[in-house]
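Engineer: Numbering (my numbering), first residue to last: 316 to 427. Yeah, the Cβ is synthetic: ideal placement off N, Cα and C, and Gly gets one too. What you are looking at is a predicted structure, and each value in this text was computed from that prediction instead of being measured. One structure is given below, represented as structure tokens, and several questions about it will come after.
Given below as structure tokens:
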């Protein structure tokens, strides 16, 4: 297990993560730090715990909105056409017959 030191709001935290996930963990810490900077820009200095709580709420709100958008997009996606599989299968069979016929013609030309 890897150990990574991240910085959030000027404070250093050592956190464990799976090997190879260090860069991802640093990026997540950067996201939190950006939100804290935005909160501080809006309302001045406040306690560390409050800043972290507000950053967590902002991120949870963003996740909520993204889940809603994903659900909306999935519901708008056209349902799979049950006849589409039959059509694809029929087209494949027809193409196979045409390919066989083309080979028969080619073979006949080679003999002729």
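Spatial neighbours of residue 284 within its chain, please: C-beta separation below 6 Å, excluding the five flanking residues on both sides.
Structural biologist: Residue 284 lies beyond the residue range present for the chain, which begins at 316 and ends at 427; the question has no answer from this structure.
Engineer: Does the region 356 to 366 come into contact with the region 379 to 392, if we say contact requires no fewer than three beta-carbon pairs (one atom in each stretch) closer than 8 Å?
Structural biologist: No, they do not touch.
Engineer: How is residue 322 classed by DSSP in three states: helix, strand or coil?
Structural biologist: In this structure, residue 322 counts as strand in the three-state DSSP scheme.
Engineer: Does the distance from the CB of residue 370 to the CB of residue 347 come in under 7 Å?
Structural biologist: Against a cut-off of 7 Å, the Cβ pair of residue 347 and residue 370 comes out as a contact.
Engineer: Taking 7 Å as the cut-off, decide whether the C-beta atoms of residue 259 and residue 324 are in contact.
Structural biologist: The first residue shown for the chain is 316 and the last is 427, placing residue 259 beyond what the model contains.
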